[in-house]
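Everything below concerns the one structure shown next.
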Amino acid sequence: MGKEPQATAKAFRTFLVGLDDVIGVRGTEQLLRRGGLAQYIGNYPPSTEARAGYRLRDFSAVTQALFDVYGARGSKAILQRVGRAQASRGLEESASLVVVARAAMKLLPLHQRVQMVLESSGRALAEQVDVVVRVTRERDEFYIELEQCPYCIGWENSAPVCFSMIGFWHRVLQRATGGTETIEEVACCATGAKACRYRVTLNPEE
Ligand SMILES: [Zn+2]
Numbered sequence: 782m783g784k785e786p787q788a789t790a791k792a793f794r795t796f797l798v799g800l801d802d803v804i805g806v807r808g809t810e811q812l813l814r815r816g817g818l819a820q821y822i823g824n825y826p827p828s829t830e831a832r833a834g835y836r837l838r839d840f841s842a843v844t845q846a847l848f849d850v851y852g853a854r855g856s857k858a859i860l861q862r863v864g865r866a867q868a869s870r871g872l873e874e875s876a877s878l879v880v881v882a883r884a885a886m887k888l889l890p891l892h893q894r895v896q897m898v899l900e901s902s903g904r905a906l907a908e909q910v911d912v913v914v915r916v917t918r919e920r921d922e923f924y925i926e927l928e929q930c931p932y933c934i935g936w937e938n939s940a941p942v943c944f945s946m947i948g949f950w951h952r953v954l955q956r957a958t959g960g961t962e963t964i965e966e967v968a969c970c971a972t973g974a975k976a977c978r979y980r981v982t983l984n985p986e987e
């Protein structure tokens, strides 16, 4: 067994605050209690880079509790909003993302912009969370693979569950594509895959 995968305090805090914004503080409280994480009620992690004890399985425990309470369909909408908020915060805070957002504004071809934005966001994500991110391109589609995805680690489900990541990728791609791409989670660790895999289909620019 490897070491228990962790995230920064800030990453877990951003996730909880993102949930507060969508379902309210009471809603998040209910999820923390249900997920066995009552110690965080009224006591969110600080906004620091510390990685002591913030386990990836805590993200997944909260997400599982969300599915229990709101169902798959309700959770999908909630998590996509949470993921977008996480990416927005990342765009504000992460120097590498800001630089790329600016560079992406320049007149690079669409595919190059998308590749840059996905790779730099993957790096920014890996700075905060113990994930392994790979980006590949096949013709007009991009694939993003995440090993040790925090949202489904240790969870078994019959369908993919990582809607927060879909919201995240949509938000970071917005500046590169104008938000016209389609993103699907085509494989998920929750359904037994080795890595969560997202397919990004670009729609032609007008
Ligand atoms: Zn997944």
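Numbering of the sequence shown is given in this note's numbering, commencing with residue 782 and proceeding in unit increments.
Positions of the beta carbon are idealized from the N, C-alpha and C atoms, including for glycine.
In this text, all values refer to a predicted model and were calculated from it rather than measured experimentally.
When distances are taken from the beta-carbon of Ala940 to the heavy atoms of ligand 1, even the shortest one reaches 7 Å or more. Counting the other CB atoms within 10 Å of its CB gives Val967 a total below 16, which places it among the exposed residues. The beta-bridge partner set that DSSP reports for Ile964 consists of Val981. Residue range 922-928 is occupied by the beta strand (DSSP E) that includes Leu927. Here the alpha carbons of Arg978 and Cys970 stand approximately 9 Å from one another.
Contact between the stretch 784-796 and the stretch 833-847 is established, with three or more Cβ pairs separated by less than 8 Å. Between Gln867 and Phe796, the C-beta gap is smaller than 8 Å, which places the two residues in contact. Between Thr982 and Thr963, the CB-CB gap stays under 8 Å. Note on geometry: alpha-carbon atoms of Cys943 and Leu888 lie some 32 Å from one another. By the beta-carbon neighbour count (other beta carbons within 10 angstroms, threshold 16), Ser939 is exposed. Gly903 and Arg915 have their C-alpha atoms spaced approximately 8 Å apart.
In the displayed model, Glu937 falls within coil according to three-state DSSP, outside both helix and strand.
A distance below 7 Å between beta-carbons, with the five flanking residues on each side excluded, links Glu922 to the following residues of its chain, in chain order: Arg980, Val981, Thr982. Burial state of Val910 is buried, judged by a 10 Å Cβ sphere holding 16 or more other Cβ atoms. For a cut-off of 8 Å, the C-beta gap from Val863 to Gln811 is around 15 Å, too long to register as a contact.
When C-alpha distances from Ala846 are compared across Tyr932, Ala907, Met946, the shortest belongs to Tyr932. Per DSSP, the unbroken beta strand (DSSP E) holding Arg915 starts and ends at 913-919. Excluding residues up to 5 positions away in sequence, Thr961 lie with their Cβ nearer than 6 Å to the Cβ of Asn984 in the same chain.
The three-state reading of DSSP puts Ala788 in strand, counting E and B together. Separation of Lys784 and Gln955 (C-alpha to C-alpha, rounded to the nearest whole angstrom) is 35 Å. By the 16-neighbour rule on beta-carbons within 10 angstroms, Gly805 is exposed. Straight-line spacing of the CA atoms in Ile925 and Val913 works out to 10 Å.
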